[in-house]
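Trainee:
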Amino acid sequence: MNWFDLTIIAILAISVVVSLFRGLIREVLSLLIWIGAFWLAWTFVEKGASWLQPYVELPSARHLIAFVALFLAALIVGGLINYLVGKMIAKTGLGATDRFFGMFFGLGRGVLAVTLIILFLQATPLSQDPWWNESKLQPQFSKIANWLKEQMPEDWADYFSFDAEKINEAMKNGLNPEQLQKLQQLMESGQYKPLETEQINPPEQSEQDPEQ
Numbered sequence: 035m036n037w038f039d040l041t042i043i044a045i046l047a048i049s050v051v052v053s054l055f056r057g058l059i060r061e062v063l064s065l066l067i068w069i070g071a072f073w074l075a076w077t078f079v080e081k082g083a084s085w086l087q088p089y090v091e092l093p094s095a096r097h098l099i100a101f102v103a104l105f106l107a108a109l110i111v112g113g114l115i116n117y118l119v120g121k122m123i124a125k126t127g128l129g130a131t132d133r134f135f136g137m138f139f140g141l142g143r144g145v146l147a148v149t150l151i152i153l154f155l156q157a158t159p160l161s162q163d164p165w166w167n168e169s170k171l172q173p174q175f176s177k178i179a180n181w182l183k184e185q186m187p188e189d190w191a192d193y194f195s196f197d198a199e200k201i202n203e204a205m206k207n208g209l210n211p212e213q214l215q216k217l218q219q220l221m222e223s224g225q226y227k228p229l230e231t232e233q234i235n236p237p238e239q240s241e242q243d244p245e246q
């Protein structure tokens with residue numbers, strides 16, 4: 035195992051331990067609170083920004099302040115509810131069972147977090163480094179990441195792909211730095227097609243015969 039494997043294990047362990055202490059119900063409720071806070075802020079940001087109009091002149095600043103204020107307010111209220119729920123669970127005597135199942139929630143959350151990290155790294159040149167190929171756990175999580183990528187719309191999946199073969203092929207064909215930059219832009223936008231080489235190397239216009 036290398037340092038990347040140890041990092042993956044650490045992420046999984048931290049997630050499991052946190053869920054062990056908090057319990058399944060509080061962990062699930064916490065997740066719902068974060069989702070609800072984001073939905074609340076996103077839904078009512080326009081109304082909140084209109085209330086700030088007399089005090090903040092810049093529209094973008096009004097929207098940012100309104101979104102952050104609504105998001106934090108929802109988190110605070112949700113946190114108080116979560117705290118009270120935790121107290122109720124402790125009084126019912128379900129604490130041990132709740133914490134036991136909380137470990138599985140933490141493990142699932144850790145696997146999801148590592149998968150998203152792998153998904154991001156796959157779209158960068160870091161996935162070509164030796165430590166990536168030497169990792170023992172990376173291939174296992176890459177399988178999950180690849181499955182997740184297959185469920186995405188095609189346009190989204192293109193952003194999570196780093197195709198070294200295309201770049202190596204381009205370098206062998208003698209593309210100059212400007213053309214390589216154009217190739218990378220096409221790959222990032224998902225518009226690159228191997229047969230359409232004129233995208234990166236447009237054909238030169240033939241010079242007319244001066245005698246004609």
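Read left to right, the sequence shown gives residues 35 to 246 (my numbering). Note that the Cβ used here is the ideal one computed from N, Cα and C, for glycine as well.
(1) Relative to the C-alpha of Ile45, which residue among Met186, Gly140, Arg56, Leu155 is closest?
(2) From what residue to what residue does the alpha helix (DSSP H) around Ala147 run?
(3) Can you list, in chain order, the residues of its chain with a C-beta nearer than 8 Å to that of Lys177? Leave out the 5 residues immediately preceding and following it.
(4) Is the beta carbon of Val50 closer than 7 Å to that of Met137?
(5) Is Glu38 near Ser161, with beta carbons less than 7 Å apart?
(6) For Phe55, tell me which candidate among Gly120, Asn36, Ala107 has the shortest Cα-Cα distance.
(7) How would you write the range of the alpha helix (DSSP H) that Glu184 sits in, first residue to last?
(8) Helix, strand or coil for Pro164, going by three-state DSSP, please let me know.
(9) Of all the options Leu104, Gly127, Leu171, Leu118, which has the alpha carbon lying nearest to the alpha carbon of Gly70?
(10) Using a threshold of 6 Å, is the CB atom of Val79 nearer than that to any non-hydrogen atom of the ligand ADP?
(11) Using the C-alpha atoms, what's the distance from Leu86 back to Pro93?
(12) Cβ atoms of Phe175 and Thr149: under 7 Å apart, would you say?
(13) Report, in whole angstroms, the separation of the C-beta atoms of Gln172 and Trp166, which I expect to be a contact under 8 Å.
(14) CA-CA distance, Leu146 and Glu61?
Mentor: In brief:
(1) It is Gly140 whose Cα lies nearest to the Cα of Ile45.
(2) 129–156
(3) none
(4) Between Met137 and Val50, the CB-CB gap stays under 7 Å.
(5) The amino acid at residue 38 is misidentified as Glu; the sequence shows Phe. Cβ distance not < 7 Å, so Phe38 and Ser161 don't count as in contact.
(6) Gly120
(7) It spans 172–185 - the alpha helix (DSSP H) in which Glu184 sits, taken as one unbroken run.
(8) helix
(9) Leu104
(10) Of the ligands one can find in the structure shown there are none, so the ligand ADP has no counterpart to examine.
(11) 9 Å
(12) Cβ distance < 7 Å, so Thr149 and Phe175 count as in contact.
(13) 6 Å
(14) 15 Å
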